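Trainee: Please see the structure below; I have some questions.
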Amino acid sequence: MAAFIDAVAPYDRQPEADPVAMVGVRTALGEAVFPVSDHVIRAMCKALAAYRDPEDRGTCVECGGRHLDENLHCQECGRLHGILGQVIAQHARRVAAEEAP
Ligand SMILES: [Zn+2]
68 MAAFIDAVAP YDRQPEADPV AMVGVRTALG EAVFPVSDHV IRAMCKALAA YRDPEDRGTC
128 VECGGRHLDE NLHCQECGRL HGILGQVIAQ HARRVAAEEA P
């Protein structure tokens with residue numbers, strides 16, 4: 068929290084303005100309260116909105132599951148996504164059609 072404030076506070080155009088909020092952080096090691104300006108709060112909101120979990124590879128179009136592996140393979144229903152997934156699915160359909168009597 069302190070490092071984030073240090074990184075963005077120098078760009079506050081109204082550094083003399085009163086803090087608009089107090090952000091408290093409590094951990095096993097102790098606690099701290101940071102008075103933050105409107106500028107810092109806005110920066111925090113943007114940073115949080117921009118964050119994406121590295122494991123987030125989208126949503127499965129088949130089951131709506133949110134756990135696609137690094138090969139875009141749905142862990143819940145098995146559906147493959149992406150270009151490779153489409154090619155494999157098309158191939159599987161073609162093979163199945165050829166094998167049908
Ligand atoms: Zn799925």
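Quick note, the numbering used here runs 67 ahead of the 1-based positions in the sequence shown. The C-beta atom is built at its ideal place from N, Cα and C for all residues, glycine as well. Just so it is clear, the structure is predicted and the values come from calculations on it, not from any experiment.
1) Run the CB neighbour count on valine 172, radius 10 Å, all protein chains shown included, and call it buried at 16 or more, exposed below.
2) Roughly how many angstroms lie between the CA atoms of leucine 135 and cysteine 112, to the nearest whole one?
3) Skipping 5 residues on each side, what residues in its chain have a beta carbon closer than 8 Å to that of proline 86?
4) Can at least three beta-carbon pairs, one atom from the stretch 138–155 and one from the stretch 121–128, be found at a separation below 8 Å?
5) How many angstroms separate the CA atom of leucine 147 from the CA atom of glutamate 165?
Mentor: Taking the definition as stated:
1) Absent from the model: residue 172. The displayed extent of the chain is 68 to 168, so no value can be given.
2) Roughly 27 Å separates the two Cα atoms.
3) Short of 8 Å from the beta carbon of proline 86, and not among the five residues preceding or following it, lie these beta carbons of its own chain, in chain order: Pro102, Val103, Ser104.
4) Yes, they touch.
5) Answer to the nearest angstrom: the Cα atoms are 22 Å apart.
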